[in-house]
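Numbering follows the numbering used here, in which position 153 of the sequence shown is assigned residue number 153; successive positions increment by one, without gaps. See structure below.
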Amino acid sequence: MSSSIRASATAEVSQVKWGSNTWVGGTLVSVAIGVAILAPWIAITDPVMDANLMNAELPPSWEFPFGTDAQGRDIYSRICYGARISLTVGVVSQICNSLIGVTLGLTAGYWGGWWDDMVSGLTNLMLAIPSLVFALAIMAILGPGLVSLVIALGLTSWSYSCRIARAQVLSLKSQGYIQAARILGYGDLRIMFTQVLPNILGPLIVIATLGMGGAILAEAALSFLGLGIRPPFPSWGSMLSEARDQIRAAPWLSVFPGLAIFFTVLGLNLLGDGLRDILDPQSTTRRA
Numbered sequence: 001m002s003s004s005i006r007a008s009a010t011a012e013v014s015q016v017k018w019g020s021n022t023w024v025g026g027t028l029v030s031v032a033i034g035v036a037i038l039a040p041w042i043a044i045t046d047p048v049m050d051a052n053l054m055n056a057e058l059p060p061s062w063e064f065p066f067g068t069d070a071q072g073r074d075i076y077s078r079i080c081y082g083a084r085i086s087l088t089v090g091v092v093s094q095i096c097n098s099l100i101g102v103t104l105g106l107t108a109g110y111w112g113g114w115w116d117d118m119v120s121g122l123t124n125l126m127l128a129i130p131s132l133v134f135a136l137a138i139m140a141i142l143g144p145g146l147v148s149l150v151i152a153l154g155l156t157s158w159s160y161s162c163r164i165a166r167a168q169v170l171s172l173k174s175q176g177y178i179q180a181a182r183i184l185g186y187g188d189l190r191i192m193f194t195q196v197l198p199n200i201l202g203p204l205i206v207i208a209t210l211g212m213g214g215a216i217l218a219e220a221a222l223s224f225l226g227l228g229i230r231p232p233f234p235s236w237g238s239m240l241s242e243a244r245d246q247i248r249a250a251p252w253l254s255v256f257p258g259l260a261i262f263f264t265v266l267g268l269n270l271l272g273d274g275l276r277d278i279l280d281p282q283s284t285t286r287r288a
């Protein structure tokens, strides 16, 4: 009887694991990562130095698959190198968000008391402020640049992971194995990071994956406003900013960077949804 139950549960998890969201999202994200890693080898020209006004704003062709910009630089090559910046911003800023949010949520949920009240109040305050507006204020102080961009995005979206971590800890800290760890003499920090944290990683990984897509969109928005990556270094958002005046005369200047952002963020969202199904198979049953 128990073996049949385990077999059916394993079959259910197997079906969820190979869902279409996971496949499509994983493929799109893998392509973006591959382009970023292989950019020096698959790019046609140097994205910064190879400017030639004789080739300015050429439409897509065999020589320039995505066309050229106003300085005669190859759009395809700039998109390839721009993938490095977008993915770096997404990954590093989300690592910062997770470190801040998970640490605060884990300690607040476990310790409770005045620390929980203070962290909850700070989290509510952060949720009340639009993250992009907060990032704009930080960028206005620090100035444009990759480091400033990562810092701004890393300090603005930790409240989501903090709230999820706190809720998960509150539901786990009264479990029997936590009480057994206390009886064995484990300290609070040891219990939090060896007993509690491994059991709440599932939803946190999903939140982090979805947050990467949001960070890429935020980078594009800030770069579009001139507060992101400094020209002439390629960034999908800055490429859109440069193309806004030629959107009718040379639509390829904005179409291809926009498609790169769209498919990368779509892939991350689909992958996050697939990871949720893998890490929490019961959610699929509830939705069904």
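Note that CB positions come from ideal geometry on N, CA and C, so glycine has one too.
Pair within 8 Å by beta-carbon distance, residue i and residue j
| i | j | result |
| --- | --- | --- |
| L271 | V29 | yes |
| F64 | L58 | yes |
| G305 | L279 | Because residue 305 is not part of the residues shown, which for the chain are 1 to 288, the question remains open. |
| G109 | V169 | yes |
| P144 | R244 | no |
| A83 | V35 | yes |
| L146 | A135 | no |
| L204 | S159 | no |
| G121 | R163 | no |
| Q94 | A215 | yes |
| T45 | S86 | no |
| A208 | S98 | yes |
| Y81 | A32 | no |
Classification of residue i by the beta-carbon crowding that lies within 10 angstroms, buried from 16 upward
| i | result |
| --- | --- |
| S4 | With a pLDDT of only 40 at S4, under 50, the local geometry of the prediction cannot be trusted, and the value read off the model is given with reservation. Looking at its Cβ environment, which holds fewer than 16 other Cβ atoms inside 10 Å, S4 is exposed. |
| W301 | Limits of the chain in this structure are 1 at one end and 288 at the other, which puts residue 301 out of reach. |
| T107 | buried |
| D277 | buried |
| A177 | Checking the sequence, you will find Tyr at residue 177 rather than Ala. The residue is exposed, with fewer than 16 neighbouring Cβ atoms inside 10 Å. |
| Q179 | exposed |
| F224 | buried |
| T264 | buried |
| S61 | exposed |
| P234 | buried |
| P40 | exposed |
| Q175 | exposed |
| A139 | Strictly speaking, residue 139 in this sequence is Met, with Ala absent from that position. Buried. |
| Q15 | In this prediction, Q15 has a pLDDT of 45, which is less than 50 and means its spatial position is unreliable; what the coordinates show is noted afterwards. Answer is exposed; the Cβ neighbour count stays below 16. |
| W114 | exposed |
| P198 | exposed |
| V133 | exposed |
| W252 | buried |
Coil, strand or helix - residue i by DSSP
| i | result |
| --- | --- |
| T123 | helix |
| T45 | coil |
| D74 | strand |
| S20 | helix |
Expected contact under 8 Å - CB spacing of residue i and residue j to nearest Å
| i | j | result |
| --- | --- | --- |
| G213 | S157 | Not confirmed; about 11 Å, so no contact. |
| E219 | V89 | 4 Å |
| I79 | T68 | That pair is no contact at about 12 Å. |
| P232 | V48 | 5 Å |
| L268 | G25 | 7 Å |
| G258 | L240 | 6 Å |
*Report the residue ranges of all alpha helix (DSSP H) runs contained in full by the region 129 to 200; include only those spanning at least 4 residues, in chain order.*
List check, alpha helix (DSSP H) in window: 131 to 142, 146 to 154, 158 to 172, 176 to 183, 188 to 191.
*Counting only runs that start and end within the region 188 to 275, where is the alpha helix (DSSP H) found for 4 or more residues in a row?*
188 to 191, 201 to 224, 236 to 243
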